[in-house]
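Structure record follows, encoded as structure tokens.
Numbering (my numbering), first residue to last: 486 to 790.
Okay, structure coming up:
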């Protein structure tokens, strides 16, 4: 095995340009795929962060008696996934609305009567904060007698999830495309290396060398290329991440995102993370597999010929 490693290292040094092309191709692919993975991981984290601030608002029918409000409260608390349901009277809702519309308070002062309904602000358990669960619980609450309307920002949340799913499919397609392109580059580079050493390989076969003895150094060489390309690509991604996140944290300050009257959270509290160790290892192993696959295809065709 030490002999094979020595031979593969000699081949890499003897064909610096060709091997550099393979390493750069792999590193660029790793950089692009890693960028997509970084985006999706943080997008998932952002969606989870968003859902922590979402409240389901159940608006009651006008003039709902207190006895029926208590009954509705018990039924809402009995729904699986609901952790808390706080009753908000229409007078409390008007005061909250008045605070949010402080600059246009004259519009509210001219109202002859309170147009806002009584309602419940419903919080969900941590394990239930998913898009499907929001929709399911909202339908159950909406079907309760005395509930007039349910709102939780379903329109914008549905659009965000659809866009995110579209981007996810795009990321998968791009990943497959770059995988095939990188295998093609590595295979062609290895084919050139094999062509430059064809006489040596023919002599080894004439003296009875096994296919494993001939192939193993090339496999080690390609796996080494994949590992180097993966390390370079992930290193470049880490440097870009630190640069971009450093600038983002300086600019974001203490911004706060508000969507509707029942959802708000400070964006600055969300922390963008780099790829976790298991993803880094998976990408590195994937880059090594790309090198092996390109070498396998080239060796198979070359030795058959």
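Think of the CB as a built atom: it goes at the ideal place given N, C-alpha and C, for glycine as much as any other residue.
- As a beta-bridge residue in DSSP terms, residue 569 pairs with 608.
- Excluding the 5 residues flanking it on each side, residue 547 has same chain C-beta neighbours closer than 7 Å at 602, in chain order.
- For residue 540, the number of other beta carbons within 10 angstroms of its own is at least 16, and it is reported as buried.
- Shown here, residue 645 sits in a helix according to DSSP, grouped into three states.
- Judged by beta-carbon spacing, residue 668 lies beyond the 9 Å limit of residue 706, meaning their Cβ atoms are not closer than that value.
- Distance from the CA atom of residue 543 to the CA atom of residue 524, rounded to whole angstroms, is 34 Å.
- According to DSSP, residue pairing for residue 635 in a beta bridge involves 543.
- Taken through DSSP and simplified to helix, strand or coil, residue 756 comes out as coil.
- Comparing alpha carbon positions, the residue from 782, 569, 584, 775 closest to residue 609 is 569.
- Residue environment for residue 680: exposed (fewer than 16 other C-beta atoms within 10 angstroms of its C-beta).
- The distance from the Cβ of residue 700 to that of residue 782 is about 12 Å, inconsistent with a contact at the 8 Å cut-off.
- The distance from the Cβ of residue 564 to that of residue 622 is about 6 Å, consistent with a contact at the 8 Å cut-off.
- The Cβ atoms of residue 530 and residue 572 do not sit closer than 9 Å to each other.
- Between the alpha carbons of residue 694 and residue 786 lies a distance of about 18 Å.
- Closest in alpha carbon position to residue 727, among 520, 504, 508, 514, is 520.
- Collapsing the DSSP output to three states places residue 602 in coil.
- Of the other Cβ atoms in all chains shown, fewer than 16 fall within 10 Å of the Cβ of residue 576; this residue is therefore exposed.
- For residue 550, no alpha helix (DSSP H) encloses it, and the DSSP letter there is neither H nor E.
- Approximately 4 Å separates the beta-carbon atoms of residue 715 and residue 769; this is inside 8 Å, confirming the contact.
- Nearest Cα to residue 618 within the set 672, 566, 514: 566.
- Residue burial annotation: residue 670 is buried, with at least 16 other C-beta atoms found within 10 angstroms of its C-beta.
- For residue 775, the uninterrupted alpha helix (DSSP H) run begins and ends at 762-789, by DSSP.
- Residue 533 and residue 665 have their C-alpha atoms roughly 33 Å apart.
- With fewer than 16 other beta carbons inside 10 angstroms of its own, residue 658 counts as exposed.
- Excluding the 5 residues flanking it on each side, residue 634 has same chain C-beta neighbours closer than 7 Å at 544, in chain order.
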